[in-house]
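J.:
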Amino acid sequence: MRPTRLLSLITCVSALAACTPPPEEPSGLTEKQLPGESFFPEGIASGPDGTLYFSSVGTGAIARARPGELGASVFVPGRPAFGVYGMAVDTAHDTLWACTYDDTLPPAQPSHLAAYSLTTGAQTLDLVMPGESGGCNDVTLDAAGNVYATDSFANTIVRLPVGGSQLETWASDAAFEASEPGAFTLNGLTWDGGNTLYVVKTDTGDLFSIAIQPDGSAGAPVALPVSPALETPDGLEWVDDGRLLVVENSAGRASLVTLAGGSGTKEVLANDFLEPTAVALTEEGAWVLESQLSILFGQPGLPSLPFRARRIAVPPAPLLP
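Residue numbers -17 to -1, 1 to 304, in mature numbering (1 follows the signal peptide of the UniProt record, and there is no 0), belong to the letters of the sequence shown in order.
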């Protein structure tokens, strides 16, 4: 849930140099713990220094954990009937972008794309999603600083051009439509560092690439079959040339998809997560967020506390022959 950058743990300096093991955090932490008994996280984003941000559907807050900190502390206070979903860090503009949903707003449009200062946590922008009933879900940025967000209810991707003041529908297609009424559609979204966005569709497991045209418009979506198939894909993150991290919500998995020849091959990295919704990369590895949202939305039982994100290793990219 952030712009892509090259990561030292998964790249080599050259094909002749041996990859070194990924560095440990100063404290050797393998998890981040989130505050309170009702946080119920949904989104995670990382800054270039390894700072992690966590969004809450349960409290509407955003928490922050700097490198070496086990516990995250509240960075943006929450409020009742308010939830924060996918996020992206834009250090060039001192901005944390976040999808929000305000249950106090219906019949007005309850879903917005908001911006917060990375320095102070103060909200600096609040943009309503296009249409009558949108569902802002995940966010990414391109090199120019254009902001993109998935809308899981309208089945579209919206865009905020650099310097713009209003969201516009950027990509829509029949392939994005819900498989049945009420199904959750477009979800995780990531940029490849060049001229392509990738998006997953939760209800069908589809993965699409969408070219960013020279004029900034969206190319036609290209379906990329994945084997074995993705199951309820949620958070998505670009790793490096041709590799994507994806969390599979209902299956509790974090998987690595390697693209080649217009299709993808899936490798499961870990499969014991509690309803993962998002993943973020730092130099220490991949941080997988456990949401447990089904309990918040009415499933019997109590959440496993503390709420947390867990770190897993990402295999290094294969050396070129």
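Backbone N, C-alpha and C fix where the C-beta goes; we use that ideal spot for every residue, glycine too. If you're wondering where the values come from, they're calculated on a predicted model, not measured in any experiment.
By a C-beta neighbour count over all protein chains shown, 10 Å radius and 16 as the cutoff for buried, is ALA243 buried or exposed?
T.: exposed
J.: Quick one, are the C-beta atoms of GLY235 and PRO216 less than 8 Å apart?
T.: no
J.: With a CB to CB cut of under 6 Å and the five nearest residues on each side skipped, what residues in its chain are close to LYS167?
T.: Sequence inspection shows Phe at residue 167; the Lys mentioned does not correspond to that position. So the qualifying residues of the chain are SER135, THR185, ASP186.
J.: Between ALA269, ASP198, THR265, SER192, which has its C-alpha nearest VAL230's C-alpha?
T.: In terms of Cα proximity to VAL230, the closest of ALA269, ASP198, THR265, SER192 is ALA269.
J.: On the criterion of 16 or more Cβ atoms from any shown chain inside 10 Å, does THR78 qualify as buried, or is it exposed?
T.: buried
J.: What distance in whole Å lies between the Cβ atoms of SER238 and GLU250, which are believed to be in contact at a cut-off of 8 Å?
T.: 6 Å
J.: May I ask you to report which of helix, strand or coil DSSP gives ALA75?
T.: helix
J.: In the DSSP assignment, the beta strand (DSSP E) including ILE45 goes from what residue to what residue?
T.: 45 to 48
J.: Tell me whether the segment 87 to 107 and the segment 62 to 78 touch, counting them as touching only if at least three CB pairs, one residue from each stretch, are closer than 8 Å.
T.: yes
J.: Of all the alpha helix (DSSP H) runs that stay within the bounds of the segment 253 to 282, which reach a length of 4 or more residues?
T.: 276 to 279
J.: When you compare the CB positions of ILE42 and ALA64, do they come within less than 8 Å of one another, or not?
T.: Residue 42 is actually Thr in this sequence, not Ile. No, Cβ-Cβ distance for THR42 and ALA64 is not below 8 Å.
J.: Scan the segment 52 to 135 and note each continuous beta strand (DSSP E) run of 3 residues or more that stays entirely inside, going in chain order.
T.: Along the segment 52 to 135, the beta strand (DSSP E) occurs as fully enclosed runs of 3 or more residues at 56 to 59, 65 to 73, 78 to 85, 94 to 100, 106 to 111, 119 to 124, 130 to 134, listed in sequence order.
J.: For GLY165, which of GLY177, TRP80, ASN138 has the nearest alpha-carbon?
T.: Of the listed residues, the one whose Cα sits closest to GLY165 is ASN138.
J.: Which residues in the same chain have their Cβ closer than 7 Å to the Cβ of VAL145, if we skip the five residues on either side of it in sequence?
T.: Excluding sequence neighbours, VAL145 sits near ALA127, GLY128, ASN129.
J.: Round the Cβ separation of TRP221 and TYR181 to the nearest angstrom and send it over; I've been treating them as touching at under 8 Å.
T.: Correct: roughly 7 Å between the Cβ atoms.
J.: My output table needs one value for PHE37: the three-state DSSP class, helix, strand or coil.
T.: strand
J.: Within 10 angstroms of the Cβ of LEU302, are there 16 or more other Cβ atoms? Answer buried if so, exposed if not.
T.: exposed
J.: By DSSP's criteria, THR139 is part of a beta bridge. Which residues make up the other side?
T.: ASP134, SER155
J.: For GLY19, which beta-bridge partners are listed by DSSP?
T.: Looking at the DSSP assignment, GLY19 forms no beta bridge with any residue, so it has no partner.
J.: Suppose the cutoff is 6 Å on Cβ atoms and the five residues either side in sequence are ignored; what does the same chain contact list for LEU101 look like?
T.: ASP77, LEU79
J.: Please classify GLN275 as buried or exposed, where buried requires at least 16 other C-beta atoms within 10 Å of its C-beta.
T.: buried
J.: Is the beta carbon of THR179 less than 8 Å from the beta carbon of ALA158?
T.: no
J.: Kindly indicate the opening and closing residues of the beta strand (DSSP E) around GLY26.
T.: 24 to 29
J.: Taking 8 Å as the cut-off, decide whether the C-beta atoms of LEU207 and SER162 are in contact.
T.: no
J.: Which partner residues of LEU219 appear in the DSSP bridge assignment?
T.: Answer by DSSP bridge pairing, in chain order: VAL229.
J.: From the DSSP output, in three-state form, read off PRO290 for me.
T.: The residue asked about is misnamed: residue 290 is Phe in this sequence, not Pro. Three-state result, PHE290: coil.
J.: In terms of alpha-carbon separation, which member of LEU108, ARG142, PRO259, GLY114 lies closest to THR123?
T.: ARG142
J.: Let me know if ASP121 comes out buried or exposed under the rule of 16 or more other beta-carbons within 10 Å of its beta-carbon.
T.: Residue environment: ASP121 is assigned as buried (16 or more neighbouring CB atoms within 10 Å of its CB, all protein chains considered).
J.: Around the C-beta of ASN170, are 16 or more other C-beta atoms found within 10 angstroms, so that it is buried, or is it exposed?
T.: buried
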